[in-house]
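Numbering (this note's numbering), first residue to last: 1271 to 1397.
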Amino acid sequence: MISIASQSASGSKIEHRVVLGAATAVAVVALLAFTSTSARAEGVDAAALWAKNCKLCHGADGKKVNEKMGVKDLTSPEKKATLTRAKAIDSMKVGVKVGDKEVMKPYAEKLSAAEIEALADYTMALK
Ligand code: HEC
């Protein structure tokens, strides 16, 4: 900033650049704060996690249905009406049971909290 400003001929130009610099700094700080608190933290690739852990049963797009295994379309209106992000997180943490049959294993041991949150966002975003 200082070197650019000192090269500038007019005072008003310097002012503009300083304001722009401050705005950029605010944006960068805001972005850093967002990424560090959100599940989209660096190193978490929800799409890759989905492909590795979930795709087999739920399909690439979450629409796979398997009557025998009890898998339902995660993007259906019925599911969208009842599934919340919190519920998705819970299902991953403790698994899913139909009656006393465990149809989906818990992922609490296998995935980190950040990974589970990222997968919940991913699940909720499936269309
Ligand atoms: C062994 C097959 C299997 C795998 C692997 C699997 N699921 Fe499931 N999942 C199921 C079945 C069966 C259900 C119950 C039917 C339903 O409600 O959709 C279910 C339900 C869900 C639900 C809905 C829960 C609710 O309360 O409605 C979510 C969300 C979900 N799975 C996400 C995931 C994610 C994310 C992964 C990967 C980390 C995953 N599943 C891996 C079989 C599986």
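Beta carbons are placed, not taken as given, at the ideal position from N, Cα and C, and that holds for glycine. Computed from a predicted model, the values in this text were never measured in an experiment.
Whole-angstrom C-beta distance between residue j and residue i, which should lie under 8 angstroms
i, j, result
"Y1392", "A1330", "Going by Cβ atoms, the distance from Y1392 to A1330 rounds to 12 angstroms, so no, they are not a contact pair."
"L1396", "L1344", "6 angstroms"
"Y1377", "M1362", "5 angstroms"
Per-residue burial, residue i [other beta carbons within 10 Å of its own, 16 or more giving buried]
i, result
"M1339", "exposed"
"V1314", "buried"
"G1369", "exposed"
"G1335", "The question names Gly, yet the displayed sequence has Val at residue 1335. Burial call: exposed."
Residue-level contact to chain B via CB, residue i, 7 angstroms cutoff
i, result
"T1345", "The chain labelled as chain B is not found in the depicted structure, where only one protein chain is given."
Three-state class that DSSP yields for residue i in the structure shown
i, result
"A1395", "helix"
3 or more residues per run - each beta strand (DSSP E) lying fully within the region 1348 to 1385: 1366 to 1368 and 1371 to 1374
Would the region 1346 to 1366 count as touching the region 1383 to 1391 if we require 3 or more Cβ pairs under 8 angstroms? yes
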